[in-house]
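Student: This is the structure, below, for whatever I ask next.
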Amino acid sequence: MALNTDNLNDHLYATNLAISDTINNSRNPQVAFDYFDTWIPFLQNSNVAALTAMGSDLQRLRDYVRSGDQANTHELLQRLGEQTSRAASNIHTWAGDHLHNGIGDQLRHLGQLLVIAAGNTKASL
């Protein structure tokens, strides 16, 4: 499914489920990365510098996980979680006022999940 502003909330929800299931060891982590693969170009093609940087960070995260670099994976997950949580408070700035159907809540949840994943990664160092 191509990611666009019309299905952003649904895609955030599905991404959150995939990450949550991965954290709980009930789903193959590749499923979460499949979602990241759709987020990367969406974010990198944004005209908002912070979103473009987050897209690059997601690509870097993918590379760290593939190479087994847990220290950098932990640091990047933590930073992404914190940035995502901050973005949730400014959701209308970049998503537009018409996208108010729970996107802030989905972003806050995503931020929490990324921080939990960072903690799990740190615990396994």
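Position 113 (the sequence shown) corresponds to 114 in our numbering; numbering is contiguous.
We put the beta carbon where it would ideally sit given N, CA and C, even for glycine.
Note that the structure is predicted; figures quoted are calculated from it, not measured.
1. Taking the alpha helix (DSSP H) that Leu111 belongs to, which residues open and close that run?
2. Can you tell me whether DSSP reads Ser57 as helix, strand or coil?
3. Output the distance between the C-alpha atoms of Thr74 and Leu81, rounded to the nearest integer angstrom.
4. Kindly indicate which residue of Leu77, Tyr65, Asn8 and Arg61 has the alpha-carbon position closest to the one of Ile117.
5. Rounded to the nearest angstrom, what separates Asn121 and Val66 at their Cα positions?
6. Let me know if Gln31 comes out buried or exposed under the rule of 16 or more other beta-carbons within 10 Å of its beta-carbon.
7. Could you pull out every residue in the same chain whose Cβ sits closer than 8 Å to the Cβ of Ile24, ignoring the five residues on either side in sequence?
8. Report yes if the CB atom of Gln107 is closer than 7 Å to the CB atom of Tyr14, and no otherwise.
9. Would you say Leu59 and Phe37 are within 7 Å of each other, going by their C-beta atoms?
Tutor: On the basis of the coordinates in this document:
1. Position 110 of the sequence shown, counting from 1, holds the residue named residue 111. Element bounds for Leu111: Ile104 to Ala124.
2. Translated into the one-based positions of the sequence shown, residue 57 becomes position 56. Here Ser57 sits in helix by DSSP.
3. What you label residue 74 is simply residue 73 of the sequence shown in a count that begins at 1. What you label residue 81 is simply residue 80 of the sequence shown in a count that begins at 1. Each residue's Cα considered, the two are about 10 Å apart.
4. Along the sequence shown, read from residue 1 onward, the residue named residue 117 stands at position 116. For the residues Leu77, Tyr65, Asn8 and Arg61, the minimum Cα distance to Ile117 belongs to Leu77.
5. As a first step, residue 121 must be located in the sequence shown, where it is residue number 120. As a first step, residue 66 must be located in the sequence shown, where it is residue number 65. One C-alpha to the other measures close to 13 Å.
6. Here the question's residue 31 lines up with position 30 in the sequence shown. Taking a 10 Å sphere around the C-beta of Gln31, we find fewer than 16 other C-beta atoms and assign the residue as exposed.
7. Taking the first residue of the sequence shown as position 1, residue 24 is located at position 23. Answer for Ile24: Leu114, Ile117, Ala118 and Asn121, listed in chain order.
8. Translated into the one-based positions of the sequence shown, residue 107 becomes position 106. Translated into the one-based positions of the sequence shown, residue 14 becomes position 13. In contact: Gln107 and Tyr14 (Cβ atoms closer than 7 Å).
9. Translated into the one-based positions of the sequence shown, residue 59 becomes position 58. Translated into the one-based positions of the sequence shown, residue 37 becomes position 36. Yes, these two residues count as a Cβ contact at 7 Å.
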